[in-house]
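Following: one structure in structure tokens, then a few remarks.
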Amino acid sequence: MNQGALHGLRVIDLTDDSGRFATKLLTELGASVVRISATGSSGAPMVDAAAAELGGVLDWWYDGGKHRHIVDLDTDGGRSRYRSFCASADLVVETERPGRLEVLGIDHADLLATNPALCQVSITPFGRTGPRSDWVTSDLVSSAMGGFMSITGLPDRPLNLWGRQSYNYAGFAAVISALAAVRATRLDGKGRHVDLSIHEAITGSIENIFMQYFFDQELPDMSKVAQRQGAMHWLRAYDLAACRTGYTMITPTPIPDHLVNWMIEEGHEAAREWQGKDVESMLERIDDLMDCVRDFVKKYDAMDLWWEAQNRHCAFGGVHDIAAVAEIPQFEHRGLFASATVGDTGESNVRMPHRMVKMSATPTGPPQPPQLESTNLEDLLADWGSRDSAEPTVGERLARPLEGLRVADFTWVLAGPFCTRMFGDLGADVIRIQNEERSTLVNRADYPYYFVWNRSKRSATLNMKHPEALAAARRIIESSDVLIENYSAGVLEAWGLDYETVHEWNPKLVYVTMSGCGHDGPWKHVISYAPTVHAVCGITHLTNFADRGDVGSGLSLNDHLAGFSAAATTLAAIEARDRTGVGQKVDMAQLEIGTYAIGPALLDYFANHNEAQPAGNRDGLHDHVPNEVYPTRDGFVAISVTADSQWPALASIVGESVADPAWATEAERRDHRVDIDAALSAWAANGTANEIVDTLQAVGVPAGKVQDVVDLFEHDPQHEARGFWQPVTHDGFGDRHVDTFPALIDGERLPVERLAPSYLGEHNFEVWTDVAGYEFDAVAEGMGTDLFT
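Residue numbers (the working numbering): -11 to 777.
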């Protein structure tokens, strides 16, 4: 039980597999978490006998370091113990079916009388309200319904992302919501309930699909409805290519001539016509250039090629399998992997990725084993102590939980802006600081991508090459709680904004850096966009069909994962700052986040010597059968059976083809996977996706249509009922729709109140006068002398 950033936070874990990642993160960040639910998959068994006594791979991954005290809520005694926990707790994270806790008299509203400062995050598949609130899910079904699978896979083969990324999204969103709620409650004394929808968390965090849909007139060269196109990025400038051995993610970015000159040097004369082209002109004939690169890389071994490319400042990424990921020297240098000790004498060790980020003041402790024995209730409550009776510091309830927090935002593209968008949605004053000249393509205010990911922020421009820029930046930073950046390693240091300098200016500041591979180590120079990270961290290798190696994620998944991670760890660092009075550095390597997101594969490899392999839509964490996508008359449907109790209902609907009594248990169904998939495929082919889903959900079987952007915006009754889409009018783009934060707080949707700026520097005068303290005339002069540009 480490004393990390969240030391002193008391958390009740009432989750199943869909929420265990959230409470894992809270535990890792230092909270005291007691797991009271026995629901959850154990995953593959551990080979080591001492480790196996404590649980399987998923028990070690999700539940290490938590207290354990299982409570049966269906009994009077169990509910009494639950109320005792809640009377002393700060936070409940739960995944119970909507309505169950209310019926039992132990929902959030019931508990406030005893503990008015209690916060509760309820993670459900589709939200607690709406026509589909009682639907059940699996990670596969959530991916299908939420939109992941509309762009991941091949045109006729939808593919899920490996490692339960739908549940990871939900876990991150839950932690962010929880820490925002806890902060607000500490200030105003009023406990909060967060109704978090996994469905909304996915739909609102898919890089490009709504940009293409809502801005088809502005983006005539792109499909209005984004399609599955393997690993090809929506800009078409990133893709996987076959090499003599293996695959490499290829791209002409960041500077096309670096690649073109190399190709010419190696005798590839076809590249000469591309010499001297900048990125934007290159994009006009991107397909031809990418074909030229594909032809070039055929003669090389992938793992040699990508490293040579990186040494030439080309952002290639060799596709690493899990064995190769385990040997990455950058991870060894930065200490990503650590071991949990089994037993008092340490006779066994279980190695795994053990942290998201490096925190300078509250470092993550070593991983801990899951707890087999139950923690004594009285001992745990005594350890937790009585609740802090400090008076609230604000009189009225905060309308948004992060009100009063200021963020100096030096981010670009997606990972950083996605993080700060969440901060802004939750009420923080986010000041996006950038330079007009350097802001090209997706970083321009007139580009739809910028509109999507930069709402809820104020826009200020600053030319860091100007001799007075550092003094101007200092004025913003000194009045901020957070500085966050996601440039390449060394950029902020070159500007004079290194952590040591900034910490002297503002010792309470939380300084967040989101570099590709970290600021230290043998790979600190590696250029890493999300597709590069996917290839190197293991996600691309595993997100594939067994007969392919060139598919991978259809979106910049790791940019979203990094944004979620940055938001969660920043809020944890704010909690530590508010407790200790001192800020700290949060050092993220986005490559580490990608590998952390598939952590169970590394744990299984280190502990059991099992090397996970691509297997299509099979759940790589716990092999449920069925767990597959089947063609229907009008699309595709995902069907899972995550508990043996669901199988009879599915079998009774499908009929004779799956009526074999030998298929009653999951172990037996694994032995007959091919027969079961064939039977379900034949059955599904005769119906429509919506008919099949409605039929199966009515009897409690997880099923969902593979929804595309049209389904999600025009035909999703759950999004409509919960007010997920908000109509807006923008000064530059006119009437549009935007998604909203993926949760209701105390039953209310947080509306988007500030759209992305219509031009860069839209808020220059108010930011540089009100926040930085310049006179109006000085700001006007600074704009004229290229300081504020």
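Heads up, the beta-carbon is just placed ideally off N, CA and C, and yes, glycines get one too.
Taking the C-alpha atoms as reference points, what is the distance between residue i and residue j?
i	j	result
L100	C107	9 Å
P832	Y435	Absent from the structure is residue 832, since the part of the chain shown begins at -11 and ends at 777.
D1	V109	10 Å
L128	G135	11 Å
V681	Q695	12 Å
R567	G(-8)	12 Å
P380	R171	11 Å
L390	E741	14 Å
A459	L549	33 Å
T557	V345	8 Å
R116	F729	15 Å
A225	D765	44 Å
N615	I627	6 Å
F776	M502	25 Å
N103	R737	24 Å
E763	A10	46 Å
A32	Q318	28 Å
N596	I310	13 Å
K178	A97	12 Å
Using only alpha-carbon positions, find the residue among the options that is nearest to residue i.
i	options	result
A603	P146, D704, W493, D734	P146
V248	G264, G526, T236	G264
A403	G551, H491, F533	G551
D719	D144, Y747, D696, F712	Y747
N156	S444, R8, D659	R8
I252	T239, F284, L668, A667	F284
A768	H513, A595, A652, T449	T449
L223	G159, A230, A650, T239	T239
V646	A626, F624, A670	A670
V138	L543, F712, T620	According to the sequence provided, residue 138 is Ser. The question's Val does not apply to it. Comparing Cα-Cα distances from S138 to each of L543, F712, T620, the minimum goes to L543.
P86	L184, K178, V470	L184
L46	D371, E425, P357, G540	P357
Count the other CB atoms, across all protein chains shown, that sit within 10 Å of the CB of residue i; report buried if there are 16 or more and exposed otherwise.
i	result
G606	It should be noted that the sequence gives Arg, not Gly, for residue 606. Flag for R606 reads buried.
E580	buried
I111	buried
A686	exposed
R216	buried
V91	exposed
N474	buried
Q205	exposed
D276	exposed
A378	exposed
L42	buried
A387	exposed
R443	buried
T717	exposed
Excluding five sequence neighbours on each side, which residues of the same chain lie with their C-beta closer than 6 Å to the C-beta of residue i?
i	result
G537	Y235
A561	A(-7), V498, Q572, V574
D95	L89
G141	L147, R216
L360	L42
E188	F712, P730
Does the ligand SAH have even one heavy atom less than 6 Å from the beta-carbon of residue i?
i	result
D682	As for the ligand SAH, it is missing from this structure, which has no ligand bound.
Can you find a CB in chain B that lies within less than 7 Å of the CB of residue i?
i	result
L2	Chain labels in this structure do not include chain B; a single protein chain is all it has.
Just reading off the beta strand (DSSP E) that residue i is part of, what are its end residues?
i	result
D332	Where D332 is concerned, there is no enclosing beta strand (DSSP E), given that its DSSP letter is neither H nor E.
G722	722 to 727
A626	623 to 628
T112	107 to 112
D227	227 to 230
Y201	Counting along the chain, Y201 falls outside any beta strand (DSSP E), though it belongs to the alpha helix (DSSP H) covering 197 to 202.
Could you please give the first and the last residue of the uninterrupted alpha helix (DSSP H) stretch that includes residue i?
i	result
F712	No alpha helix (DSSP H) contains F712, which DSSP labels as neither H nor E.
L591	587 to 596
R742	Element bounds for R742: n/a, residue is neither H nor E.
E254	Looking at the DSSP string, E254 is not in any alpha helix (DSSP H), and its letter there is neither H nor E.
P519	518 to 525
Using a Cβ-Cβ cutoff of less than 7 Å, which residues in the same chain neighbour residue i once the five nearest sequence positions on both sides are dropped?
i	result
Y487	Y499, K573
P341	L324, F325, T583, Y584, G587, L590
D734	R180, H181
Can you give me the Cβ contacts of residue i inside the same chain, cut-off strictly under 8 Å, excluding the 5 residues immediately before and after it?
i	result
W651	W635, A639, R657, H660, I664
D322	One detail in the question is off: residue 322 reads as Arg in this sequence, not Asp. Around R322: K346, G506, D508, G509, A577, E580.
C280	M251, H256, A258, A259, W262
T757	E763, F764, V767
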